[in-house]
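Just so we're aligned, residue 207 is where the sequence shown starts under the working numbering, counting upward by one.
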Amino acid sequence: MRNVSDLTSFIDGLPKAELHVHHVGSASPRIVAELAERHPGTVPSDPDGLREFFAFRDFAHFIDVYLAVVELIRTPEDLRLLTYEIAREMAEGQSLRYAELTCTPYTSVMAGIPIEGYTEAIEDARVAAERDFGLMLRWIYDIPGESGVAAADATLSYALDHRTDALVGFGLGGPEIGVPRPPFRPHFDAARAAGLHSVPHAGETTGPETVWDAVRELGAVRIGHGTSSVRDPELLAHLAEHRIPLEVCPSSNIATRAVANLSEHPITAFRDAGVVVTVNSDDPPMFGTTLNREYEIAAALLGLDAAGVADLAVTAVDASFAPDDVKDRLRTEIQDYAPYDVLGVGSGTSSGLSRRWLGPYDVLGVGSGTSSGLSRRWLGPHDVLGSGLGVCRDVIRIEP
Ligand SMILES: [Zn+2]
């Protein structure tokens, strides 16, 4: 594995989009301290005590931390604070410009916050965050699978009857073992019919059959984790062919033991199979990570240089549900940040090569898979692939 320490500052400042990150799971010790001051008694509110409380030990402890934070969110004002402060940390700490935040309104409604208050609080925070931090937030409402069809009914109603324009996706989280996917099909059918994108978690703690269910039963257009897909070549081919991206969260996968250790992480196998890979942080403070750190890990695993990392950032934009003009703006921002001089160094492999980098002359098309550090720089103004492109190792697809 290559040393990526020289990439750290590049990654820190790289404008990014994140597609798989949980609302409550993004509460940092600083934010929890503020909530704990409001509602004393359950978790420590002093910084040192909180840091210790937060330090990731094992999955059972993570659940304890998560539930303790859930317990601190009792009013719409708590939700507003949580959401706004998460956005601050995303924008200021991680150079995020766009994030699809997975929210579980069912949990808050069960805790006594009416859905009207819930929606108003997160929307208020969203508008303020965009104004104050330049971060665009979008929502994915997910069903806590362990709470069954009743939670799915309620979540669908929150999504459709209390809809905000910023709601873009409908998800399914919680444990996979013992929670079959097909009973949720009617909910996903209804959400999709209303224009929401299907983005369930799948194949994190169960096998590839759950990913097949997500695709066939729930109409998934992106998969949360999808880790066990690596065990089924036919599934990988399907994901690649239909360009169904995986939301990969390396540190989370280690924390939950979905993957034994980083050197065994299947992200490279996904890339090599031509699957669109995005990199995400899941529940970053609770897994002791950040999105920047996840990009570093991915760069090390995939052998990426700065150009490859920039491509990874573009892939997340491409796979997002942002409006087209926002996607264009973000791609341009990434491109401007990553000057052509650092692009196309030729080492490493880039995932999800985007048309954007190729400019108006390309015959490359969407080009998922394994191009080697390819960038506009290499193509020049007249290029079709071939001449002068010794660095291009492999082009997966050429569209007519
Ligand atoms: Zn997740």
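Just so it is clear, CB atoms sit at the ideal spot from N, CA and C, and this is done for glycine as well.
These figures come from a predicted structure and were not determined experimentally.
- prompt: Run through DSSP, which three-state label would Gly608 get?
  reply: Since the displayed the chain opens at 207 and closes at 606, residue 608 lies outside it and no answer follows.
query: How many angstroms separate the CA atom of Thr214 from the CA atom of Gln541?
result: Taking the first residue of the sequence shown as 1, we reach residue 214 at position 8. Taking the first residue of the sequence shown as 1, we reach residue 541 at position 335. Within the model, the alpha-carbon separation for Thr214 versus Gln541 is close to 18 Å.
- request: Taking 8 Å as the threshold, find out whether the stretch 484-492 comes into contact with the stretch 226-244 through three or more Cβ pairs.
  value: Result yes; three or more Cβ-Cβ pairs closer than 8 Å.
- request: Could you please give the first and the last residue of the uninterrupted alpha helix (DSSP H) stretch that includes Gly354?
  value: Locating residue 354 in the sequence shown gives position 148, counting from the first residue. First-last of the alpha helix (DSSP H) with Gly354: 354-367.
query: Which of helix, strand or coil does DSSP assign to Thr214?
result: Counted from its first residue, the sequence shown places residue 214 at position 8. Secondary structure of Thr214 (DSSP, three-state): helix.
field: Ala519 versus Lys222: straight-line alpha-carbon distance, rounded
entry: For the purposes of this step, residue 519 is taken as the residue at position 313 of the sequence shown. For the purposes of this step, residue 222 is taken as the residue at position 16 of the sequence shown. Between Ala519 and Lys222, the C-alpha separation is close to 6 Å.
- prompt: Does the distance from the CB of Ala334 to the CB of Tyr304 come in under 7 Å?
  reply: Walking along the sequence shown from the start, residue 334 turns up at place 128. Walking along the sequence shown from the start, residue 304 turns up at place 98. Taking 7 Å as the cut-off, the beta carbon of Ala334 is found no closer than this to the beta carbon of Tyr304.
task: Just the C-alpha distance for Asp218 and Leu510, rounded to the nearest angstrom, thanks.
output: Indexing the sequence shown from 1 puts residue 218 at position 12. Indexing the sequence shown from 1 puts residue 510 at position 304. CA-to-CA, the gap between Asp218 and Leu510 works out to about 15 Å.
Residues bridged to Phe376 [DSSP beta-bridge criterion]: Within the sequence shown, the letter at position 170 stands for residue 376. DSSP lists Tyr347, Ser404 as partners of Phe376.
message: For Met342, tell me which candidate among Asp348, His368, Val355, Ile328 has the shortest Cα-Cα distance.
response: Locating residue 342 in the sequence shown gives position 136, counting from the first residue. That would be Ile328, whose Cα lies nearest to the Cα of Met342.
task: Quickly, what does DSSP pair Val227 with across the bridge? List them, please.
output: Taking the sequence shown and counting its residues from 1, the one referred to as residue 227 is at position 21. In DSSP, Val227 forms a bridge with Leu307, Asp488.
query: Can we say the stretch 361-370 touches the stretch 395-411, given the rule of at least three CB pairs closer than 8 Å?
result: Three or more Cβ pairs drawn from the stretch 361-370 and the stretch 395-411 lie within less than 8 Å of each other, which places the two stretches in contact.
message: Taking the straight line between their C-alpha atoms, what separation do you get for Asp264 and Leu278?
response: Position 58 of the sequence shown, counting from 1, holds the residue named residue 264. Position 72 of the sequence shown, counting from 1, holds the residue named residue 278. Going from the Cα of Asp264 to the Cα of Leu278 covers about 22 Å.
query: From the DSSP output, which residues share a beta bridge with Lys533?
result: Within the sequence shown, the letter at position 327 stands for residue 533. None; Lys533 has no bridge partner.
query: Taking the Cβ atom as the reference point for each residue, do Pro282 and Thr310 lie within a distance shorter than 7 Å?
result: Position 76 of the sequence shown, counted from the start, is the residue given in the question as residue 282. Position 104 of the sequence shown, counted from the start, is the residue given in the question as residue 310. No. Outside cutoff.
message: Closer than 6 Å to a non-hydrogen atom of ligand 1 - does that hold for the CB of Asp488?
response: Residue numbering aside, residue 488 sits at position 282 when the sequence shown is read from its first letter. Asp488: yes, Cβ under 6 Å from ligand 1.
query: CA-CA distance, Gly413 and Asp330?
result: Stepping through the sequence shown from its first residue, residue 413 is reached at position 207. Stepping through the sequence shown from its first residue, residue 330 is reached at position 124. Counting only the Cα atoms, Asp330 lies some 39 Å from Gly413.
task: Could you tell me which of Glu298, Pro392, Phe394, Ala239 sits nearest to Thr496, measuring between CA atoms?
output: Translated into positions along the sequence shown, residue 496 becomes position 290. The shortest C-alpha separation from Thr496 is found at Glu298.
- request: Would you mind working out which of Val481, His407, Glu410 sits nearest Leu441, comparing C-alpha positions?
  value: Translated into the one-based positions of the sequence shown, residue 441 becomes position 235. Of the candidates Val481, His407, Glu410, the one whose C-alpha sits nearest the C-alpha of Leu441 is Val481.
task: Check whether the Cβ of Gly409 lies closer than 6 Å to any heavy atom of ligand 1, and answer yes or no.
output: For the purposes of this step, residue 409 is taken as residue 203 along the sequence shown, with counting starting at 1. Gly409 Cβ: outside cutoff for every heavy atom of ligand 1.
query: Expressed to the nearest angstrom, what Euclidean distance is found between the alpha-carbon atoms of Glu306 and Glu224?
result: Position 100 of the sequence shown, counting from 1, holds the residue named residue 306. Position 18 of the sequence shown, counting from 1, holds the residue named residue 224. Between Glu306 and Glu224, the C-alpha separation is close to 6 Å.
field: Sub-7 Å separation of His393 and Ala358 beta-carbons
entry: On the sequence shown, residue 393 is found 187 positions in, with the first residue counted as 1. On the sequence shown, residue 358 is found 152 positions in, with the first residue counted as 1. Against a cut-off of 7 Å, the Cβ pair of Ala358 and His393 comes out as a contact.
- prompt: For Gly183, is the beta carbon positioned less than 6 Å from some heavy atom of ligand 1?
  reply: Since the displayed the chain opens at 207 and closes at 606, residue 183 lies outside it and no answer follows.
- request: Could you tell me if Pro381 is buried or exposed, where buried requires 16 or more neighbouring beta carbons within 10 angstroms of its beta carbon?
  value: Numbered from 1 along the sequence shown, position 175 holds the residue referred to as residue 381. Pro381 is exposed by the Cβ-count criterion.
Test: Ala461 CB closer than 7 Å to a CB of chain B: Although the question refers to chain B, the structure presented lacks it and comprises just one protein chain.
- request: Pick helix, strand or coil for Gly429, following the three-state DSSP scheme.
  value: On the sequence shown, position 223 is the one that residue 429 refers to. Note that residue 429 corresponds to Ile in the displayed sequence, not to Gly. In the structure shown, Ile429 sits in a strand (DSSP, three-state: E or B).
task: Spatial neighbours of Leu220 within its chain, please: CB distance less than 8 Å, with the 5 preceding and 5 following residues excluded, ordered by chain position.
output: Taking the first residue of the sequence shown as 1, we reach residue 220 at position 14. Within the same chain, and ignoring the five residues on either side of Leu220 in sequence, the residues whose Cβ sits closer than 8 Å to its Cβ are Ser301, Tyr501, Val515, Ala516, Ala519, Ile540, Tyr543, Ala544.
- prompt: Are the beta-carbon atoms belonging to Glu423 and Ala464 less than 7 Å from one another?
  reply: Indexing the sequence shown from 1 puts residue 423 at position 217. Indexing the sequence shown from 1 puts residue 464 at position 258. Cβ atoms of Glu423 and Ala464: not closer than 7 Å.
Per DSSP, the bridge partner or partners of Val483: As a working mapping, residue 483 is identified with position 277 in the sequence shown. Bridge pairing for Val483: Leu452 [DSSP].
task: Let me know the secondary structure DSSP gives Leu302 once reduced to three states.
output: Along the sequence shown, read from residue 1 onward, the residue named residue 302 stands at position 96. Leu302: strand per DSSP, three-state reduction.
message: I'd like to check one pair, Ala365 with Ala397: are the Cβ atoms closer than 7 Å?
response: For this step, residue 397 is matched to residue 191 along the sequence shown. For this step, residue 365 is matched to residue 159 along the sequence shown. Yes, they are a contact pair.
query: Within 6 Å: the Cβ of Ala443 and any heavy atom of ligand 2?
result: The model depicted lacks ligand 2 and carries ligand 1 instead.
- prompt: With distances taken from CA atoms, which of Arg499, Leu287, Val427 is nearest Pro451?
  reply: As a working note, residue 451 is residue 245 in the sequence shown. Distances from the CA of Pro451 to each of Arg499, Leu287, Val427 were compared; the closest alpha carbon is that of Val427.
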